[in-house]
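J.: My questions will all concern the structure given below.
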Amino acid sequence: MREKGVYSKKDQEMALGNDELICAHLGDEYEKFMGAVIPPLFQNSLHVHPDVETMWSPAPGSFVYARVANPTTDIFERKVAALERGEKAVAFASGMGAITASILAAVSCGGHFIGVEGMYGPTRTFVQDFFPKIGVEATFITGSDINELKAAIRPNTQCIYLESPSSVALRMQDIPGIAAIAREHGIATVIDNSWASPIYQKPLTMGIDMVVHTVSKYIGGHSDIVAGISCGSAEWMAKVSKNREIYGAMMGPFESWLAIRGLRTLPLRLKAAMASGLKVANFLEQHPMVERVVYPGLPSHPDYALGQKQLSGYGSLMSFVPKGDLEEAKAFANRLTWFKLGVSWGGFESLITVSRYNPSLEEQERRGVYPRMIRIYVGLEDVDALIADLDQSLNQIKL
1448 MREKGVYSKK
1458 DQEMALGNDE
1468 LICAHLGDEY
1478 EKFMGAVIPP
1488 LFQNSLHVHP
1498 DVETMWSPAP
1508 GSFVYARVAN
1518 PTTDIFERKV
1528 AALERGEKAV
1538 AFASGMGAIT
1548 ASILAAVSCG
1558 GHFIGVEGMY
1568 GPTRTFVQDF
1578 FPKIGVEATF
1588 ITGSDINELK
1598 AAIRPNTQCI
1608 YLESPSSVAL
1618 RMQDIPGIAA
1628 IAREHGIATV
1638 IDNSWASPIY
1648 QKPLTMGIDM
1658 VVHTVSKYIG
1668 GHSDIVAGIS
1678 CGSAEWMAKV
1688 SKNREIYGAM
1698 MGPFESWLAI
1708 RGLRTLPLRL
1718 KAAMASGLKV
1728 ANFLEQHPMV
1738 ERVVYPGLPS
1748 HPDYALGQKQ
1758 LSGYGSLMSF
1768 VPKGDLEEAK
1778 AFANRLTWFK
1788 LGVSWGGFES
1798 LITVSRYNPS
1808 LEEQERRGVY
1818 PRMIRIYVGL
1828 EDVDALIADL
1838 DQSLNQIKL
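Numbers in our numbering are just positions in the sequence shown, counted from 1, shifted up by 1447.
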């Protein structure tokens, strides 16, 4: 019997390059579910057994308790594992659940961790606040210079954490180059792949050990679930799964069912995101009231050449710096109609956030973040209407 979360031989054959088929059909098993085109939602907390012997020694692939595994969640995990070209995936109740469990699978007391400066804020908070409690030291690097990484490695370095592209600065790292150095030193690697999604970037094929996603973003795609997932080899995922079981961070069956729904349209939504994202980014770069646009799909991006090697497409999350002061940046955001003020991204709706952070010149150079930086997510609305919305508000900026 197939082990939970590991995709079957049929699934493996499907995973040999056709992401659309994986999203649409992997794990459906019509004959198993009375011909239902959508797998059922197993909204139960436990599974009973036919006899005491079976209860004492459940067969591989069977289900016992929902904190450990669930049939609906299992289908979602198999789909993502296939998309990422991994052996197994482990789903969580949040993106931070996936991130923390994956990092903790790699580090232990007395160890050392290396992470990129531009990592997601709560991830950095976890590293800075929690690591001292378990005796793990941390070093932060830009991630843009291989020599900087080599200099940061210590004999006790256990994990290198990447986020490419990163959350606000959207900087990228040389994924295969860093993975090769890590393997040479016996160091585990983890990457947050939420921006590109499994459709536009597959870090496991470049040598990374574990890939994490905030499912709430592109994978879910409808702004109605909070979830996360980690993917990698069966060996690494066994450790991650054990952490999930102990911490009680299992993804719920209803969220899994919604995430499966989201996956079915993921390739189509990503195509729309790239088309709209490129159009908006080019518009902003040419606008006289915009100082700087940060988007990996633009040749002006410092990592554009690297992205051409690692990415097969681009999402629609970007940052830019308008002219004027912070008050004008706030007024610009408040004037918008279709871009709503809100955190997160990846759903159907366009969103905007304005940074209050005032970085020093050294931080601007090192981290790629700037005063009054604005992050926008271009959703699935009509792109010409979105551009018109941005244009009318930019034109009202007072210098």
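Idealized CB from N, CA, C, for every residue including glycine.
Hey, is residue 1840's beta-carbon within less than 9 Å of any beta-carbon in chain B?
T.: The structure shown contains no chain B, having only a single protein chain.
J.: Are residue 1619 and residue 1757 touching if we call contact CB-CB under 9 Å?
T.: In this structure, residue 1757 lies closer than 9 Å to residue 1619 by Cβ.
J.: Beta carbon of residue 1694, beta carbon of residue 1548: below 9 Å?
T.: Contact flag set, yes.
J.: Taking DSSP as the reference, what is the three-state secondary structure of residue 1678?
T.: Three-state DSSP puts residue 1678 in a strand.
J.: The beta strand (DSSP E) that contains residue 1741, what's its start and end?
T.: Unbroken beta strand (DSSP E) run through residue 1741: 1737-1741.
J.: In whole angstroms, what is the alpha-carbon distance linking residue 1616 and residue 1727?
T.: C-alpha separation (whole angstroms): 17 Å.
J.: By alpha-carbon positions, which one of 1697, 1736 and 1766 ends up nearest to residue 1515?
T.: The candidate whose alpha carbon is nearest that of residue 1515 is 1697.
J.: Thinking C-beta only, is residue 1559 closer than 9 Å to residue 1594?
T.: Against a cut-off of 9 Å, the Cβ pair of residue 1559 and residue 1594 comes out as no contact.
J.: Less than 8 Å separating the Cβ of residue 1539 from some heavy atom of the ligand MN?
T.: Although the ligand MN was asked about, the structure shown includes no ligands whatsoever.
J.: Can the beta-carbon of residue 1851 be found closer than 9 Å to that of residue 1482?
T.: Given that the chain is displayed from residue 1448 to residue 1846, the structure contains no residue 1851 and the question cannot be resolved.
J.: Would you kindly work out how many angstroms separate the C-alpha atoms of residue 1490 and residue 1557, rounded to a whole number?
T.: Going by the C-alpha atoms only, they are around 41 Å apart.
J.: Helix, strand or coil, according to DSSP, for residue 1606 in the structure here?
T.: Here residue 1606 sits in strand by DSSP.
J.: Residue 1437 lies in the alpha helix (DSSP H); which residues open and close that run?
T.: Limits of the chain in this structure are 1448 at one end and 1846 at the other, which puts residue 1437 out of reach.
J.: From residue 1706 to residue 1846, what distance separates their C-alpha atoms?
T.: Approximately 45 Å between the Cα atoms of the pair.
J.: Select from 1829, 1466 and 1519 the residue whose C-alpha is nearest the C-alpha of residue 1476.
T.: Nearest of 1829, 1466 and 1519 to residue 1476, Cα basis: 1519.
J.: Decide if residue 1784 is buried, meaning its Cβ has at least 16 other Cβ atoms within 10 Å, or exposed.
T.: Exposed is the call here.
J.: List in chain order: all unbroken alpha helix (DSSP H) runs of 4+ residues lying wholly within the segment 1671-1727.
T.: The segment 1671-1727 contains these whole alpha helix (DSSP H) runs: 1681-1694 and 1700-1711.
J.: Can you say whether residue 1502 is buried or exposed, counting buried as having 16 or more other CB atoms within 10 angstroms of its CB?
T.: Burial call: exposed.
J.: So, helix, strand or coil for residue 1799, using DSSP?
T.: Looking at residue 1799 - three-state DSSP - the assignment turns out to be strand.
J.: Going by beta carbon distance, what residues of the same chain come within less than 8 Å of residue 1494, once the five residues before and after it are set aside?
T.: Same-chain partners within the cutoff: 1509, 1510, 1511 and 1512.
J.: On the three-state DSSP scale, how would you describe residue 1765?
T.: Reduced to three states, the DSSP call for residue 1765 is strand.
J.: In whole angstroms, what is the alpha-carbon distance linking residue 1859 and residue 1821?
T.: The shown model of the chain, from 1448 to 1846, leaves out residue 1859, and the question about it has no answer.
J.: From which residue to which residue does the alpha helix (DSSP H) around residue 1634 run?
T.: No alpha helix (DSSP H) contains residue 1634, which DSSP labels as neither H nor E.
J.: Starting from residue 1661, follow the beta strand (DSSP E) in both directions and report where the run begins and ends.
T.: Looking at the DSSP string, the run of the beta strand (DSSP E) that includes residue 1661 is 1657-1661.
J.: Which residue from 1649, 1791 and 1660 puts its Cα closest to that of residue 1759?
T.: Residue 1649 is the option with its Cα nearest to residue 1759.
J.: What's the C-alpha gap between residue 1751 and residue 1738?
T.: If you take the alpha carbons of residue 1751 and residue 1738, they lie about 19 Å apart.
J.: By alpha-carbon positions, which one of 1813, 1642 and 1835 ends up nearest to residue 1782?
T.: The shortest Cα separation from residue 1782 among 1813, 1642 and 1835 belongs to 1835.
J.: Which one or two residues does DSSP pair with residue 1561 in a beta bridge?
T.: Paired residue(s): 1586 and 1607.
J.: Checking 9 Å against the spacing of the C-beta atoms, do residue 1816 and residue 1804 come in under that value?
T.: Contact flag set, yes.
J.: For a test of the three-state rule: what should DSSP assign to residue 1489, helix, strand or coil?
T.: Correct three-state label for residue 1489: coil.
J.: Excluding five sequence neighbours on each side, which residues of the same chain lie with their C-beta closer than 8 Å to the C-beta of residue 1830?
T.: Contacts found: 1722, 1723, 1726 and 1727.
J.: Nearest to residue 1532 by CA position, among 1576, 1589 and 1465, is which residue?
T.: Nearest C-alpha to residue 1532: 1465.
J.: Could you spell out the range, first to last residue, of the beta strand (DSSP E) harbouring residue 1535?
T.: Its beta strand (DSSP E) spans residues 1535-1539.
J.: Name the residue from 1646, 1621 and 1609 whose alpha carbon lies nearest to the alpha carbon of residue 1635.
T.: That would be 1609, whose Cα lies nearest to the Cα of residue 1635.
J.: For residue 1848 and residue 1535, I'd like the C-alpha separation in whole angstroms.
T.: Outside the shown range of the chain, which is 1448 to 1846, sits residue 1848, and nothing can be said about it.
J.: Please classify residue 1745: does DSSP put it in a helix, a strand, or coil?
T.: If DSSP states are grouped into helix, strand and coil, residue 1745 belongs with coil.
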